[in-house]
Amino acid sequence: MEIPYTSKPRPDTGVYNAKIGIWLFLASEVMLFGGLFSAYVLLRVGAAPGEWPHGWLNVGLGTLNTLILALSAITTLLAWVACKVGQFGKFKFFHACTLALALTFLCVKMYEYHDKWIHYEIKLVDGKFADGHFEGAVYVDKAANKELEEHSFRGMAFSEVSGGVTNNYELVSVTLEGRIVADEKDLMDLRAQKHIEHGKVTIERSQIKHMENYGPWHNTFLAIYFTLTGLHALHILGGSIVIGYLWGPGRKMWKKDPERFTNRIEVSGLFWHFVDLVWIFLFPVLYLM
Amino acid sequence: MEKLVQQFPPHREDDAHHGHGGHGHHEPGFWEKYIFSTDHKTIGIQYGLTALMFMLFGFGLMILMRWQIAHPGVPVPFIGPLLEKVLGSVAAHGAISPELYNSFGAMHGTIMVFLGIVPLAFAAFGNYVVPLMIGAPDMTFPRVNMASYQAYFVGGLIMLVSFFIPGGAAQAGWTSYSPLATTIPTNGQLFWIIGMVFLISSSLLGAVNFIATIIQLRAPGMTWMRLPFFVWAQFVTAFILLLAFPPLEAAAVMQLMDNVAHTSFFLPTGLAVGGQLANVSGGGSPLLWQHLFWFLGHPEVYVLILPAMGIVCEILANNTRKPIWGYKSLVYAALAVGFLSFIVWAHHMYLTGMGTKISTFFQATTMIISIPSVIILTCFFISLWGGSIRFTTPMLFALAFLPMFGIGGLTGLPLGFNVSDVHLHDTYYIIAHFHYVVAPGTIFALFAGVYYWYPKMTGRMMNEFWGRVHFWGSFVFMNIVFMPMFAQGMAGMLRRMADGGANYSAAVNSKAGAEVVGGLSNNMMSLHTGILWGAMCLGIAQIPFIINVFWSIKHGEKAKGDNPWDATTLEWQTPTPPPHGNFDHAPQVYRGPYEYSVPGHATDFTPQNEPEGGATPKPISTAH
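The structure is reproduced here in structure tokens:
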């Protein structure tokens, strides 16, 4: 049994099957991201005055990632063109570029996530706020009178078993690379604050009322930022796997059925362009607006 | 009739001795043939059996809930001890606790909608029938089709497993409104969300496949206006699934983040749980969940009803022996329903205080969408006029669909106006309304479809006598179950009360003689008992059907030929059951789908692949 129109277009519709399939799939993807974008709009419109953050994301890195994806869109297109004109060597080169660009994008994204991960806001007992990147924390085991310096935050207290002995460590102080502000609102809009004085700030345990990093739980902006960009990064990852497969083991089809292989490159390319397009919306909405 | 059957090559069984070697394809083993099959017919049957099983399970949950409503706190007879053994303290002493009742309520809805009716109406019938009807060898993407079933199966399994985790299954209703869904201390909601993500992915894969198949694989001559209405209905349904489900997936992702990453998408500032301020950042919007949910939720109603209308249309034409009246109106009405279904969702949210302007918009669109629905129903009624009706079992179910869906649809109008909806919202009136649409409506059409296409799948007829017993039992008891709920709802009985309103009415009745507005009278409360008995009898009425389905595979009366109903559409012009690949080459289609009783024609039906001038159709399969 042969399914018709797997590589040749059907005359009256003008397309082959997979092309219709991918367009339909992309239509549903539009609705998926559309749902999340509409959530963004509702959350932002519904935020109390002055509580929607501005300038929290690194525009430079965002621009870099935008350029990387734009470039990868070009290499994807050139890879497909190379298949169309039968230059398999060029195809391999261009799609290797696409893959490298995709992985670079993900690395930049990981760096940005990590930057948020180690960024803490501490609500102080005196009503002020300390805000900055985590430098270190000092813990003490009162029973053994042992001090410990950690370079990642391990909570207000933690236990460690070593050599059959359980050591209960408690936080003594936290050091941030950042600043102290009087009002939480001062942390919200960073666009106007051109020169923020940064320095090492050490906070004693007794001064800490609440300490939280800039994860998705911090506020709704970061929630939607992590969800949207996370889902987008998953799409990049999925696209990379498909492109990697077609570049690697999947390329055997080129020998048997070059036309169908070219179609596969076209279809995966359509997906890739869609993922790029989503980023084109994400970048201004999250980084610039 | 005889003549027509002989034009086709003999059945696969008869052909078996000729050997397969010459055709160069291997005979698939058991796993490949029945479990990991890419054949649309096998996948259709897999979907059908799984969905029927889930529907039976969902029905069982309902019986337990009805027991609890009629006899609050009384141990369930016979299966009470079993419940306690399996589910633990939530079913202590064999009685259903309010928490368990809430789980059963949430899971009854979820299972019936997402694991029962959609897979049966859309995936099962669509998979089996659509490629045959349009003259295609299979779906465009057979392996995607298999993945679709597997995702559905895994999603269903996750839902079932959630009953047995500590705390039990989801308790926040099938609508899973936040913040309730996030604050109930059970992981059931987490299972629900993950299960839904699988089910949504499954229907997404199915929808892409259906649309691509209908666009790309129509046989030569099968123009758009020659498609049977069933195919049109599935086409529109697939578009609804494709575009309406993803926003729910977005919402599910956000609720997942709320539950796992402690975000506050749907949790407002100042949210208090159990008198304590919740430890969340706040700033979220509970209404956002409702908007995203109902953006799927309302189109979903048409996902449930359009395939049913498609089935009814095929059976009506076949059993009235005359063309469907207003085929083109049906097609355009179905398209209009599909489009309009995307802009009516907020009529589920009149009580959220969204403002009169928006209410007015959604009232208007809600009233407008009733027009194409009525067009469809009217075309069906007029089609009956002057027909020589054969009262076969599928026809009985299809005929009963018309008034039952009519009741369901018309009782929806008061819910579409916000003035009357304020009174009826969240009462048993709503329960009665949408069950009339889906239970005696859609489910009757699905039964009709099973009886109608059974001889194509197996080569044997289902037993007519027991079919009739099944029909009359279902018809009578369905109404006994749901009709009283209209009265209860109008009297103010709220849905989702674990004791069926006993406490509420006791408080009223203790002030004997006092006129308490909105109280539940003893008359209304006593209807619970009647409904419970109706529901049990409805269950008993399904036994003949279950036995009939399995018994007839081997022992049913042999179908007379490949086209026992003398039908015109292409699925009846193939061998029975159709072989892998369905057709050797695509059949040529010469005419519309409902050419019954054409004057001057030898038989009272003219198959779609019969050439002009009555020449014999070219054989369309040689059935390896």
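If you read the sequences in order, they're chains A and B. Position 217, counted from 1, in the first sequence is what the numbering used here calls 217; the numbers after and before it change by one each time, with no gaps. Position 18, counted from 1, in the second sequence is what the numbering used here calls 1018; the numbers after and before it change by one each time, with no gaps. All C-beta atoms, glycine included, are put in the ideal place defined by N, C-alpha and C.
- By DSSP's assignment, residue 54(A) forms a beta bridge with 189(A).
- When DSSP reads this structure, residue 136(A) sits in a beta bridge with 175(A).
- Note on the segment 72 to 108 of chain A: there is no whole beta strand (DSSP E) run with a minimum of 3 residues.
- Runs of beta strand (DSSP E) with 3 or more residues, each lying fully within the segment 183 to 254 of chain A, are found at 199 to 204 and 208 to 213, listed in chain order.
- Within 7 Å of the CB of residue 44(A), no CB atom of chain B is found; the nearest one sits about 10 Å away.
- Burial is judged here by how many other beta carbons sit within 10 angstroms of a residue's own beta carbon; residue 1312(B) has at least 16 and is buried.
- For the segment 1311 to 1352 of chain B, the full-length alpha helix (DSSP H) segments reaching 4 residues or more read 1327 to 1340 along the chain.
- The shortest CA-to-CA distance from residue 242(A) to any of 227(A), 226(A) and 264(A) is the one to 264(A).
- Excluding its 5 nearest sequence neighbours in each direction, residue 1544(B) has C-beta neighbours in its own chain below 7 Å: 1466, 1469 and 1470, listed in chain order.
- By the Cβ neighbour-count rule, residue 1322(B) is buried, with 16 or more other Cβ atoms within 10 Å of its own.
- With three or more CB-CB distances shorter than 8 Å, the segment 1102 to 1117 of chain B counts as touching the segment 1187 to 1204 of chain B.
- The beta-carbon distance between residue 1582(B) and residue 1131(B), rounded to whole angstroms, is 7 Å. This is short enough to meet the 8 Å contact definition.
- According to the DSSP assignment, residue 1148(B) belongs to the alpha helix (DSSP H) that extends over 1142 to 1161.
- The contact set of residue 218(A) on chain B, defined by CB atoms closer than 7 Å, consists of 1281 in chain order.
- Counting along the chain, residue 146(A) sits inside the beta strand (DSSP E) bounded by residues 146 to 150.
- Counting only the Cα atoms, residue 40(A) lies some 13 Å from residue 1291(B).
- Residue 79(A) sits close to residue 98(A), with the two beta carbons spaced by under 8 Å.
- The segment 57 to 71 of chain A makes contact with the segment 272 to 282 of chain A; the number of CB pairs closer than 8 Å reaches 3 or more.
- In the three-state DSSP reduction, residue 1421(B) falls in the helix class (H, G or I).
- Within the same chain, 1117, 1121, 1304, 1305 and 1308 come within 7 Å of residue 1442(B) by CB-CB distance, once the 5 residues on both sides are set aside.
- For residue 1059(B) and residue 1539(B), the gap between their C-alpha atoms comes out near 8 Å.
- Residue 1483(B) is positioned such that its CB atom lies no closer than 8 Å to that of residue 1524(B).
- By the neighbour-count definition (other C-beta atoms within 10 Å, threshold 16), residue 1385(B) is an exposed residue.
- Assignment of residue 1548(B) by DSSP, reduced to helix, strand and coil, places it in the helix class.
- Using a 10 angstroms sphere on the CB of residue 100(A), the tally of other CB atoms stays under 16, which defines it as exposed.
- Nearest to residue 1097(B) by alpha-carbon distance, out of 1064(B), 1542(B) and 1078(B), is 1064(B).
- The alpha-carbon of residue 29(A) is positioned some 43 Å away from that of residue 1462(B).
- Comparing C-alpha distances from residue 77(A) to each of 127(A), 163(A), 288(A) and 262(A) shows the shortest one belongs to 262(A).
- If you draw a 10 Å sphere on the C-beta of residue 126(A), you find fewer than 16 other C-beta atoms in it, and that means exposed.
- Exposed is the label assigned to residue 1602(B), since fewer than 16 other Cβ atoms lie within 10 Å of its Cβ.
- For residue 275(A) and residue 122(A), the gap between their C-alpha atoms comes out near 37 Å.
- For the segment 1241 to 1260 of chain B, the residues whose beta carbon sits under 7 Å from a beta carbon of chain A are, in order, 1242, 1243, 1246, 1247, 1249, 1250, 1251, 1253, 1254 and 1257.
- Judged by beta-carbon spacing, residue 1070(B) lies beyond the 8 Å limit of residue 1080(B), meaning their Cβ atoms are not closer than that value.
- The three-state secondary structure of residue 1291(B), taken from DSSP, is helix.
- Residue range 1188 to 1216 is occupied by the alpha helix (DSSP H) that includes residue 1207(B), with no beta strand (DSSP E) assigned at that position.
- Between the segment 1437 to 1454 of chain B and the segment 1353 to 1362 of chain B, the count of C-beta pairs closer than 8 Å stays below three; the two stretches do not touch.
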